[in-house]
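Asks: Mapping of the sequence shown onto the UniProt record's numbering: position 64 corresponds to residue 64, and the numbering continues sequentially without gaps.
Note that CB positions come from ideal geometry on N, CA and C, so glycine has one too.
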Amino acid sequence: MSTWTISELAREFDITPRTIRFYEDQGIVSPLRDGRNRVYSTRDRARLKLALRGKRLGLLLSEIRSLIDMYDGPGDTAPQLRHYLTILAQHRATLEQQQRDIEDTLAEISQQELQCQRLLAQKQ
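Written out as structure tokens, the structure is:
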């Protein structure tokens with residue numbers, strides 16, 4: 001059975017040991033102890049990987065837990081998968097709205113730049 005130290009996982013995922021301890025505090029990973037050292041199992045590594053993937057997607061901690069519950073859950077994960085699809089659709093809609101807002105703001109900035117350039121040209 002493969003095991004990892006906190007330093008090894010931190011290096012592998014390019015995160016700090018404090019981040020891993022945070023996920024431990026949240027119950028996402030549950031390492032064994034060898035004296036004062038944490039020993040992470042394959043299960044812990046997979047759960048950490050899922051948590052980091054969820055974070056990159058912008059999921060809330062509760063949503064990350066739901067994702068991990070699918071990993072740990074029974075063979076029939078259809079309800080969890082439907083729930084996860086709903087979460088992903090909500091995040092997609094939010095990001096698409098943010099993208100539209102950014103595009104609108106950039107267009108407004110472009111208009112302001114043109115106006116400033118015209119005013120400067122008139123003053124020269």
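Using a threshold of 7 Å, state whether the C-beta atoms of residue 32 and residue 39 are closer than that.
Replies: yes
Asks: With a floor of 4 residues, list each alpha helix (DSSP H) that falls wholly inside the UniProt domain "HTH merR-type" (3-70), ordered by position along the chain.
Replies: 6-13, 17-25, 42-56
Asks: What's the gap between the Cα of residue 106 and the Cα of residue 121?
Replies: 22 Å
Asks: Under 7 Å, do residue 103 and residue 87 count as touching if we go by C-beta distance?
Replies: no
Asks: If I follow the unbroken alpha helix (DSSP H) through residue 77, where does it start and stop?
Replies: Premise fails: residue 77 is in no alpha helix (DSSP H) and is neither H nor E.
Asks: What number of angstroms, rounded off, separates the C-alpha of residue 51 from the C-alpha of residue 100?
Replies: The alpha-carbon of residue 51 is positioned some 28 Å away from that of residue 100.
Asks: Taking 8 Å as the limit between beta carbons, can you name the residues of its chain near residue 69, skipping five residues before and five after?
Replies: 80
Asks: Report yes if the C-beta distance between residue 58 and residue 91 is below 7 Å; otherwise report no.
Replies: yes
Asks: Using the Cβ count rule (16 or more neighbours within 10 Å means buried), how would you classify residue 72?
Replies: Flag for residue 72 reads exposed.
Asks: Report the rounded CA-to-CA distance for residue 66 versus residue 19, giving the unit in angstroms.
Replies: 19 Å
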